[in-house]
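A short write-up of the structure that comes next.
Number of protein chains: 2
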Amino acid sequence: MEFIINNQCLNQAIYEVSQAVASKAILPILLGVKIIAEKDRLTLIGSNTNIAIESMIPLMVGGQEVLKVMEPGSLVLPAKYLSDLVKKLPGEVHLKSDAHRVTLQSDTIKTALNVLNVEEYPNLPEIEHKKIIHIKSRDLSTLIKQTVFAASKRESNPILTGVNFSFQDNTLTCVATNSHRLSLRTLTIPSEIKGSFTIPSASLLEVHKLMHDEVDEILIGLTDHTIVFQAKGLSVYSRLLEGTYPNVSSLLLREFKTVLILNTENLLKGIDRATLFASEWKNHNVNLEIIEDSQLLISSHSSEIGTIEEVQDIDQMIGERSLCISLDGAYVKEALKVIEEKAVKVSFGGSMSPVLIEPVDNPAHKQLISPVRS
Amino acid sequence: MEFIINNQCLNQAIYEVSQAVASKAILPILLGVKIIAEKDRLTLIGSNTNIAIESMIPLMVGGQEVLKVMEPGSLVLPAKYLSDLVKKLPGEVHLKSDAHRVTLQSDTIKTALNVLNVEEYPNLPEIEHKKIIHIKSRDLSTLIKQTVFAASKRESNPILTGVNFSFQDNTLTCVATNSHRLSLRTLTIPSEIKGSFTIPSASLLEVHKLMHDEVDEILIGLTDHTIVFQAKGLSVYSRLLEGTYPNVSSLLLREFKTVLILNTENLLKGIDRATLFASEWKNHNVNLEIIEDSQLLISSHSSEIGTIEEVQDIDQMIGERSLCISLDGAYVKEALKVIEEKAVKVSFGGSMSPVLIEPVDNPAHKQLISPVRS
């Protein structure tokens, strides 16, 4: 195996696939990056038990030759050293290998690296080319950003640690919940896929990081156990979570006593200040109250530190002019942070009923937060 | 006690004094910031057992009124909450206190904070106004930056964890060493102070952080146990380390067999690459060798990972054209990083003799690094 490659292209590909390589692993082979040289391309792969990332470098990029393959082949190199090394090489990298060693040369710098056993490296899953959707990268980014934070961080109920994607009647619905709060986002999209599957949050965060705004269209392919996101030379494979995702549609069909229209940014800032004094062991309790029939009082209290309260204007109020509820301030902050619209509609059904938070004029995004006992 | 203050001025002062406030402390009072309101100023103090920082806000800053004191007084507030809170307040802060509580109001936001007992707060040391030096902030910055990294990180020999300042014949000499490497920087400066004292590295790093480039002149005051750095409204007090600092002047009077003039940046990059493969438990060993009578070979080897070697040009060579030495690559990197000059003179006295590293054309800065057995 022998090739010469532009160091920046190699560096970028190593960066991408390294996202899937753990810094510690029971199987040493998974600490490696697999490099496959073919006549017309170089492919790098990094993987762990949940996710695999593949990055392909063609011979030419933007009309410039970036790769020349003299002899095809494949090998596995330790990701950490390869990444640190290539970052610090000044120019083109000339890689050449025999059975047990590989030499990398750049300018007057020569390195010899021990290789890992390429035979041990796991194969990537094969994806049928029937079950495929095309989605704009910006849309996928929004779907992920507005749902993934609401997934559970606890492994006790594994299915809730992912985001559920379901396709029905040309609508994709993404839902995440930790059973105390929920975020749901829909998108109208033509699709031949039907049904529902749940993707681990960590995988979606990788997709969001690597494919954020960089490409116009992402192709999503599916098998029973695996999903792949592909764009340009980059593919992110993820296992799917097993189990049935709870049906959440009934949770959103509620009646509300009081509906407030508020300024999203002001409300976020007010909640942010109030959570300063809301101690962690008390679920970051923040209290909301309507005072003088027309204003919102946001407050929190800690016997140890002190109290904080502030009054905010309400842009519009529908229903009962009374309200007194305690919410987890951290949940409210995270909910408001992903709302891009300037105005937010907050609907209350009583002090023990979940609160519905929606951007005004965008029915595609709905969030629920359960109140806490104050 | 009552005053109204510009929130940005208050925020800046809290930031400065908070540097001295630990996040945990045996004495709860040291988790607080002391605030003293006088007719014409507001003073904030943060401290721990090693360092105290005082920041003073006058009534006017840049022709603008920033402070109005209605009633003088003093109190102590928990640093963490005060800092988090003031950062998030939208405008002027109105602070008012009674015996056990203080209220802070900004716009429609009202907070009440529990106060700590002001009587418990330790007093700042008094500095005699005889023992004083004036130094340019840029000079002090250079002195600190070029020495402090070489101090010992181990508490086993406490005096070596500081930087020794000694004044003699209008020359200030700063030295730091961990007994394996040493950095010495001199500065010509008129001074009425004589003698030598050792300042904890952590205190110097605070001074460097807070007074870096911001002010033109820093005043240094001394007592037997304390040093203070003062500039504009800011004072940093530090305890001095007890004990006698070792005499290092004889270490620098050596004979050398080979002297090389090298490009500082290229050498730094080469050493940086070579340390990639130099495992930590082997002291980051990097080998230097003269090859073909004219070039420098930089290499390192790890049986686990592989080898790296590169050849660099030597700008000038004096003395024996042979050299083979192993050095701690991390020490060499740190030494080269603080050299601003483009060319560096490296002098070798044999494979077991310390290496002298100096910038070309600047006799004020000298560094020694002991070799390691290869």
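Residue numbers (the numbering used here), protein chains in the order written: chain A, 1 to 374; chain B, 375 to 748. Virtual Cβ for every residue (Gly too), placed ideally from N, Cα, C. Note that the coordinates shown come from a computational prediction; the quantities given were computed from them, not determined experimentally.
For the pair A/N266 and A/Q295, the CB atoms are not nearer than the 8 Å cut-off. Only buried fits B/K643, as 16 or more other CB atoms lie within 10 angstroms of its CB. Under the 8 Å criterion on CB atoms, B/D472 is classed as non-interfacial with respect to chain A.
Chain A places a beta carbon closer than 8 Å to that of B/A486, counting this residue as a contact. From the listed residues B/N538, B/S557 and B/I682, the smallest Cα separation to B/L614 is found for B/N538. Chain-ordered, the chain B residues with CB closer than 7 Å to the CB of A/T108 read E684 and V685.
Within chain B, the C-beta atoms nearer than 8 Å to that of A/P78 come from I679, in chain order. Against chain A, the CB of B/D458 has a partner CB under 8 Å away; the residue lies at that interface. Membership of A/I135 in the beta strand (DSSP E) is indicated by the continuous run I132 to K136. Remark: C-beta atoms of B/M434 and B/R415 do not approach each other more closely than 8 Å. Put simply, of B/T562, B/H739, B/L556 and B/E694 the residue whose alpha carbon is nearest the alpha carbon of B/T545 is B/T562. Under the 8 Å criterion on CB atoms, A/D293 is classed as non-interfacial with respect to chain B.
Annotation: the continuous alpha helix (DSSP H) that includes A/N266 extends over T264 to T275. With respect to B/L534, B/T521 sits apart: the two C-beta atoms are not nearer than 8 Å. Interface flag for A/R273 against chain B is set, since a Cβ pair is found closer than 8 Å. Interface flag for B/Y389 against chain A is unset, since no Cβ pair is found closer than 8 Å. Under DSSP, the beta-bridge partners assigned to B/C698 are B/E663.
Under the Cβ distance rule, A/K24 does not count among the residues neighbouring chain B, no pair being separated by less than 8 Å. Interface residue (Cβ-Cβ distance to chain A less than 8 Å): B/L650 is classified as such. The count of Cβ pairs closer than 8 Å, one atom from the stretch 495-512 of chain B and one from the stretch 591-599 of chain B, reaches three, so the stretches are in contact. For A/K88, the nearest CB of chain B lies under 8 Å from its own CB, placing it at the interface with that chain. The alpha-carbon separation between A/V33 and A/S18 amounts to approximately 7 Å. For B/A426, no alpha helix (DSSP H) encloses it; the enclosing beta strand (DSSP E) starts and ends at I425 to P432. Using a CB distance cut-off of 8 Å, B/Y611 does not count as an interface residue toward chain A. Counting other Cβ atoms within 10 Å of its Cβ, B/E439 stays below 16 and is therefore classed as exposed. Remark: C-beta atoms of A/V118 and A/V102 do not approach each other more closely than 8 Å. Under the Cβ criterion of 8 Å, B/Y495 is not counted among the residues facing chain A. Here A/E71 is exposed, its C-beta having fewer than 16 other C-beta atoms within 10 Å. The continuous alpha helix (DSSP H) containing A/I14 extends over residues N7 to S18.
With a 10 Å radius around the Cβ and a threshold of 16 neighbouring Cβ atoms, A/S235 comes out buried. Fully enclosed beta strand (DSSP E) runs of no fewer than 3 residues occupy 32-38, 41-47, 51-58, 67-71, 73-78, 93-97 and 101-106 of the stretch 32-112 of chain A, in order along the chain. Collapsing the DSSP output to three states places A/A231 in a strand.
Under the Cβ distance rule, A/Y81 counts among the residues neighbouring chain B, one pair being separated by less than 8 Å. With respect to B/I501, B/V602 sits close: the two C-beta atoms are nearer than 8 Å. When secondary structure is reduced to three states using DSSP, B/S624 falls in the helix class.
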